[in-house]
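Protein chains in written order, with my numbering: chain A, 17 to 216; chain B, 17 to 216.
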């Protein structure tokens, strides 16, 4: 009777992008489903002393090497966007708009379309028109989404999900919670896989 | 003609401890040797916005869960010391004293004895007497080491190694450099293993 695995991601995080390409497959291998949740990491990072991966030249150089290598090893397309990190406010609202309008599968499709545009092809997705372009190409209704991005309920939903994640102890992304256990970082997915294989 | 793998560690880092238990085995599997180098992470963390793993309650809670799980999965004894993180000045000097007095194998034995006391048994090793106790139990000459800990050449060596690591881009621990490639974090050892298997 194992419940779904919660997958917290910030669409601005390259490591969350890499994890987004693997999490469903790992869950499915153990008969589990994934509950995708977009969050904005800014508030939690401020509280916990976190930093974007490229905050200094030394960190940026390492992240560039590390991300390219992980993408290669895991067989994932990766193109570093020019303006890393973006503030993923509109893309995250688009995710919850899709969830409300069409359900969790559509929301996941929206997240994947945005992640793929940003990190798979290196496109900017931060501005409203850019978010709309990606969504429309993925089959979503452009004008309905444009309204949704400015809908107070959508704005509140994103804020509530971000607050709830912090209450659960989340301060980074990707972050997985499975059976009450926490897994931070794309590199912890193999550990998750192993723990799930042991029976959760 | 592959050269040795450089393994940078701060004896205060629990993740460096976990890596210290695995690095020689991974290297040996690919016919490689490991060049152990103690460093003090403080200066690099200050420059790069790094933080000890337990700098806030949320981070401490996650680190506790994560470290215990990794230790269990990798089969490594782990007991959280009461005063994490220590300032590993004297333990790091002990490492370079052993290297100068008896060579690299002795230095590795010194590092392992200190790591094991601190993270394998949860003992404090920060004060000079504590460092000496651990070293003596591991077969080193207590009075010679006591002199070494206050030898200007040993102090300078630790400082020079720390500076050199920063020049090479190191800002965290454990940090491995193999064939010019960088691997930061205990979780990157499996990636290192894979890259070495591909031929480096």
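Backbone N, C-alpha and C define an ideal beta-carbon position, used for all residues, glycine too.
Query - residue 99 of chain A, buried or exposed, once every other Cβ within 10 Å from all chains shown has been counted against 16 - result: Within the first chain, numbered from 1, the residue matching residue 99 of chain A stands at position 83. So residue 99 of chain A counts as exposed.
Query raised in the report: Going by beta carbon distance, what residues of the same chain come within less than 6 Å of residue 129 of chain A, once the five residues before and after it are set aside?
Result: Indexing the first chain from 1 puts residue 129 of chain A at position 113. These residues qualify, in order along the chain: 150, 154.
Query raised in the report: With a cut-off of 8 Å, does the C-beta of residue 200 of chain B fall near any C-beta of chain A?
Result: In the second chain, the residue the question calls residue 200 of chain B occupies position 184. Yes, residue 200 of chain B counts as interfacial toward chain A.
Query raised in the report: Would you say residue 38 of chain B faces chain A, with C-beta separation under 8 Å as the test?
Result: Reading the second chain from its first residue, position 22 is the one you call residue 38 of chain B. It does not; no Cβ of chain A falls within 8 Å.
Requested in this report: Please determine, among A:63, A:74, A:69, the residue with the shortest C-alpha to C-alpha distance to residue 73 of chain B.
Outcome: For the purposes of this step, residue 73 of chain B is taken as residue 57 along the second chain, with counting starting at 1. Checked all of A:63, A:74, A:69; the closest Cα to residue 73 of chain B is A:63.
Query raised in the report: Mind listing which residues of the stretch 128-152 of chain A have their C-beta closer than 9 Å to chain B's C-betas, in chain order?
Result: none
Report task. With residue 172 of chain B as the anchor, note down where its alpha helix (DSSP H) starts and where it stops. Result -> In the second chain, the residue the question calls residue 172 of chain B occupies position 156. Segment 168-183, the alpha helix (DSSP H) holding residue 172 of chain B.
Query - Endpoints, beta strand (DSSP E) assigned at residue 94 of chain B - result: Taking the second chain and counting its residues from 1, one reaches residue 94 of chain B at position 78. Segment: none, residue 94 of chain B is in no beta strand (DSSP E) and carries neither H nor E.
Query raised in the report: What is the residue span of the alpha helix (DSSP H) that residue 64 of chain B lies within?
Result: The sequence position of residue 64 of chain B within the second chain is 48, counting from 1. Its alpha helix (DSSP H) spans residues 58-64.
Requested in this report: Could you tell me which residues DSSP puts in a beta bridge with residue 51 of chain A?
Outcome: Residue numbering aside, residue 51 of chain A sits at position 35 when the first chain is read from its first letter. DSSP lists A:22 as partners of residue 51 of chain A.
Query raised in the report: Quick one: what's residue 200 of chain A bridged to in DSSP?
Result: Sequence index remark: in the first chain, residue 200 of chain A carries index 184 (1-based). Residue 200 of chain A is bridged to A:191.
Query raised in the report: Secondary structure at residue 214 of chain B, three-state DSSP: helix, strand or coil?
Result: The count along the second chain starts at 1 and reaches residue 214 of chain B at position 198. Note: residue 214 of chain B maps to coil in three-state DSSP.
**Report entry** Beta-carbon gap between residue 210 of chain A and residue 89 of chain B smaller than 8 Å
**Finding:** The residue you call residue 210 of chain A lines up with position 194 of the first chain. The residue you call residue 89 of chain B lines up with position 73 of the second chain. In this structure, residue 89 of chain B lies closer than 8 Å to residue 210 of chain A by Cβ.
**Report entry** Separation of residue 142 of chain B from residue 157 of chain B, as counted between CA atoms
**Finding:** As a first step, residue 157 of chain B is located in the second chain; it is residue number 141 there, counting from the start. As a first step, residue 142 of chain B is located in the second chain; it is residue number 126 there, counting from the start. Their backbone Cα atoms lie some 18 Å apart in a straight line.
Query raised in the report: Using a beta-carbon distance below 8 Å, is residue 187 of chain B in contact with chain A?
Result: Locating residue 187 of chain B in the second chain gives position 171, where the first residue counts as 1. For residue 187 of chain B, the answer is yes, since a Cβ of chain A falls inside 8 Å of its Cβ.
Requested in this report: Taking all protein chains shown into account, decide if residue 17 of chain A is buried (16 or more other Cβ within 10 angstroms of its Cβ) or exposed.
Outcome: Indexing the first chain from 1 puts residue 17 of chain A at position 1. Because residue 17 of chain A carries a pLDDT of 48, less than 50, the predicted location of this residue cannot be relied on, and no value is offered for it.
Requested in this report: Let me know if residue 132 of chain A comes out buried or exposed under the rule of 16 or more other beta-carbons within 10 Å of its beta-carbon.
Outcome: Locating residue 132 of chain A in the first chain gives position 116, where the first residue counts as 1. Buried, because 16 or more other Cβ atoms sit within 10 Å of the Cβ of residue 132 of chain A.
Report task. Please look up how many angstroms separate the CB atoms of residue 137 of chain A and residue 95 of chain A, rounded, as I've assumed it's under 8 Å. Result -> One-based indexing of the first chain puts residue 137 of chain A at position 121. One-based indexing of the first chain puts residue 95 of chain A at position 79. With a Cβ gap of about 6 Å, residue 137 of chain A and residue 95 of chain A count as contacting.
Query raised in the report: With distances taken from CA atoms, which of A:81, A:101, A:27, A:44 is nearest residue 208 of chain A?
Result: Numbered from 1 along the first chain, position 192 holds the residue referred to as residue 208 of chain A. The option with the nearest alpha carbon to residue 208 of chain A is A:44.
Requested in this report: Establish whether the CB of residue 12 of chain A and some CB of chain B are separated by less than 8 Å.
Outcome: Here chain A has residues from 17 to 216 only, and residue 12 of chain A is not among them.
Query raised in the report: If you scan the stretch 92-135 of chain B from start to end, which runs of the alpha helix (DSSP H) of 4 or more residues do you find wholly inside it?
Result: With a minimum length of 4 residues, the continuous alpha helix (DSSP H) runs that stay inside the stretch 92-135 of chain B are 105-118, 120-131.
Report task. Please go through the same chain and pick out, in chain order, the residues whose beta-carbon is closer than 8 Å to the beta-carbon of residue 53 of chain B, but skip the five residues on each side of it. Result -> Against the second chain, residue 53 of chain B aligns to sequence position 37. The residues are 22, 23, 24, 25, 177, 181.
Query - the stretch 105-121 of chain B touching the stretch 75-82 of chain B, judged by at least three CB pairs closer than 8 Å - result: no
Requested in this report: Note down the Cα distance separating residue 139 of chain B from residue 86 of chain B, rounded to an integer number of angstroms.
Outcome: If you number the second chain from 1, residue 139 of chain B lands on position 123. If you number the second chain from 1, residue 86 of chain B lands on position 70. So the two alpha carbons sit approximately 20 Å from each other.
**Report entry** Cβ neighbours of residue 152 of chain B in the same chain (closer than 7 Å, five flanking residues each side left out)
**Finding:** Translated into positions along the second chain, residue 152 of chain B becomes position 136. Closer than 7 Å at Cβ, skipping near neighbours: 158.
Query raised in the report: Counting only beta-carbon atoms, is residue 207 of chain A nearer than 8 Å to chain B?
Result: Here the question's residue 207 of chain A lines up with position 191 in the first chain. Yes, because at least one Cβ of chain B sits closer than 8 Å to the Cβ of residue 207 of chain A.
Query raised in the report: What residues of chain A sit near residue 71 of chain B, judged by a beta carbon separation below 9 Å?
Result: Stepping through the second chain from its first residue, residue 71 of chain B is reached at position 55. From the beta-carbon of residue 71 of chain B, the residues of chain A found nearer than 9 Å are 64, 65.
Query raised in the report: Is the shortest distance between the beta-carbon of residue 89 of chain B and the beta-carbons of chain A less than 8 Å?
Result: As a working note, residue 89 of chain B is residue 73 in the second chain. Nearest CB-CB separation between residue 89 of chain B and chain A: below the 8 Å threshold.
Query raised in the report: Any heavy atom of the ligand PLP within a distance shorter than 7 Å of the CB on residue 60 of chain A?
Result: The ligand PLP is absent from the structure shown, which contains no ligands of any kind.
Query raised in the report: Is it the case that the Cβ atoms of residue 127 of chain A and residue 56 of chain A are separated by a distance below 8 Å?
Result: Within the first chain, residue 127 of chain A is the residue found at index 111, counting from 1. Within the first chain, residue 56 of chain A is the residue found at index 40, counting from 1. No; because the gap between Cβ atoms is not below 8 Å, this pair is not in contact.
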